[in-house]
Amino acid sequence: MFMKNLQVQIDNHSGFCFGVVYAIEMAEEILEEQGYLFCLGDIVHNDEEVNRLTRKGLKIIEHEELYRLKDEKVLIRAHGEPPSTYQLAIKNNLTLIDASCPVVLKLQNRIKNSFDKDETIYIYGKHGHAEVIGLLGQTNNKAVVFQDISELNIPNLPKSITLYSQTTKSTDKFYEINDILRQNGITVNTNDTICRQVSNRDKELRDFAEKFDKIVFVSGTKSSNGKVLYNVCKDKNQNTYFVSNAEQIESDWFNPNETVGICGATSTPMWLMEQVRERILTF
Ligand code: SF4
């Protein structure tokens, strides 16, 4: 059979960030001991990895189910949780296995301190995202969350605000927003709280994406940083394709003798990128 002779390389900076590695290691340890473990929300925004852990006994539950659950261990994933979850755990005698990422915990603390000092808090983040719910909880849900500058009625904003960001947002957009607010005469106490695992990868991916004829970006569709980083690649290399698993790749995307780069989000497992490479090598 005629083969396309593709040169395929996986980006060695892609794959899980340390926050996700930590949560998954904790889950796997308890799964080995106990055979099952409840986890509040998807442990990682990647269906393939969630399915792998579900097969090992991980039971994903939502908050409504947590109200009914008693006397069990429950894993808190890297995104963190609001204080109300910890209070509920005490009430229901639940043991929380807290895998909240240290970067998120630090941000929660900073927001809590600002709130205790009566600052007017604005959070650039995705409405309803688990991390954002945890951040909002530090302020008794008083902070304003916005995911696009167009949601803010700039002439009516307070003269002075404290600005934070969800850890996985785009650095460029965050600073654009910051500039617009300042240009409109608002005093902004700016806190760039974007995780360096995301912002550094942003820079590395720009270099990586330029080096190949084609880029295959591997990510779950629910991953926030997956969207941000896919756009970074697409911006640098128009021939960038988004896939969530190896079956979605089409042979027609590649011409003979092309170079193909594979990369992904902080929630994309290395084994999945390896499966993607194996499949491309069959073309
Ligand atoms: S992206 Fe950063 S903040 Fe989010 S889980 Fe990973 S290390 Fe933690």
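Residue 2 is where the sequence shown starts when you use the numbering used here, and the numbers rise one by one after that. Positions of the beta carbon are idealized from the N, C-alpha and C atoms, including for glycine. Keep in mind that this is a model prediction, so the values were computed, not measured.
Coarse secondary structure for K72, derived from DSSP in three states: Your numbering for residue 72 matches position 71 in the sequence shown. It should be noted that the sequence gives Asp, not Lys, for residue 72. Correct three-state label for D72: coil.
So who's on the other strand from V219, going by DSSP bridges? For the purposes of this step, residue 219 is taken as the residue at position 218 of the sequence shown. Partner(s): V244 and G265.
For the region 257-272 against the region 226-239, do three or more pairs of beta-carbon atoms, one drawn from each stretch, fall closer than 8 Å, so that the two count as touching? Yes, since at least three Cβ pairs between the region 257-272 and the region 226-239 fall closer than 8 Å, the two stretches touch.
List the whole-angstrom C-beta distance separating G129 from Q167, where the pair is believed to meet the contact cut-off of C-beta under 8 Å. Your numbering for residue 129 matches position 128 in the sequence shown. Your numbering for residue 167 matches position 166 in the sequence shown. Cβ atoms of G129 and Q167 stay farther apart than 8 Å, at about 12 Å.
L89 (DSSP reduced to helix, strand or coil): As a working note, residue 89 is residue 88 in the sequence shown. The answer is helix: DSSP assigns L89 an H, G or I state.
For I11, tell me which candidate among V199, K223 and F213 has the shortest Cα-Cα distance. Start at 1 with the first residue of the sequence shown, and residue 11 comes out as number 10. Ranking the options by Cα distance to I11, first place goes to F213.
Could you check how far apart the C-beta atoms of E29 and H80 are, in whole angstroms? I think they sit under 8 Å. Reading the sequence shown from its first residue, position 28 is the one you call residue 29. Reading the sequence shown from its first residue, position 79 is the one you call residue 80. Going by Cβ atoms, the distance from E29 to H80 rounds to 18 Å, so no, they are not a contact pair.
What do you reckon, is the C-beta of N226 under 7 Å from a heavy atom of the ligand SF4? In the sequence shown, residue 226 corresponds to position 225, counting from 1. Residue side-chain check: N226 places its Cβ nearer than 7 Å to a non-hydrogen atom of the ligand SF4.
Report the CB separation of T188 from S161 in whole angstroms; it is logged as a contact under 8 Å. The count along the sequence shown starts at 1 and reaches residue 188 at position 187. The count along the sequence shown starts at 1 and reaches residue 161 at position 160. Confirmed, Cβ separation roughly 4 Å.
Along the chain, where does the alpha helix (DSSP H) that runs through S200 open and close? Taking the sequence shown and counting its residues from 1, one reaches residue 200 at position 199. Note, S200: alpha helix (DSSP H), R197 to E211.
First and last residue of the alpha helix (DSSP H) that includes K60? Stepping through the sequence shown from its first residue, residue 60 is reached at position 59. Element bounds for K60: not the alpha helix (DSSP H) but the beta strand (DSSP E), L59 to I62.
Cutting at 7 Å between CB atoms, please list the residues of its own chain near S171, excluding the five before and the five after it. Numbered from its first residue, the sequence shown carries residue 171 at position 170. Cβ within range, chain order: V229.
Based on the DSSP output, what are the partners of V9 in its beta bridges? In the sequence shown, the residue the question calls residue 9 occupies position 8. For V9, which the question treats as bridged, DSSP gives the partners V261.
N-terminal and C-terminal residue of the alpha helix (DSSP H) that T172 is part of: Locating residue 172 in the sequence shown gives position 171, where the first residue counts as 1. From DSSP, the alpha helix (DSSP H) with T172 extends over T172 to Q184.
Whose beta carbon lies closer than 6 Å to any heavy atom of the ligand SF4, going through the chain in order? These are the residues, in chain order, with a beta carbon less than 6 Å from any non-hydrogen atom of the ligand SF4: C18, F19, G20, V21, A79, C102, V104, V105, T168, T169, C196, Q198, V199 and T267.
Pairing CB atoms from the region 27-41 with CB atoms from the region 76-94, are three or more of them under 8 Å? Three or more beta-carbon pairs drawn from the region 27-41 and the region 76-94 are found closer than 8 Å, and the two stretches are therefore classed as touching.
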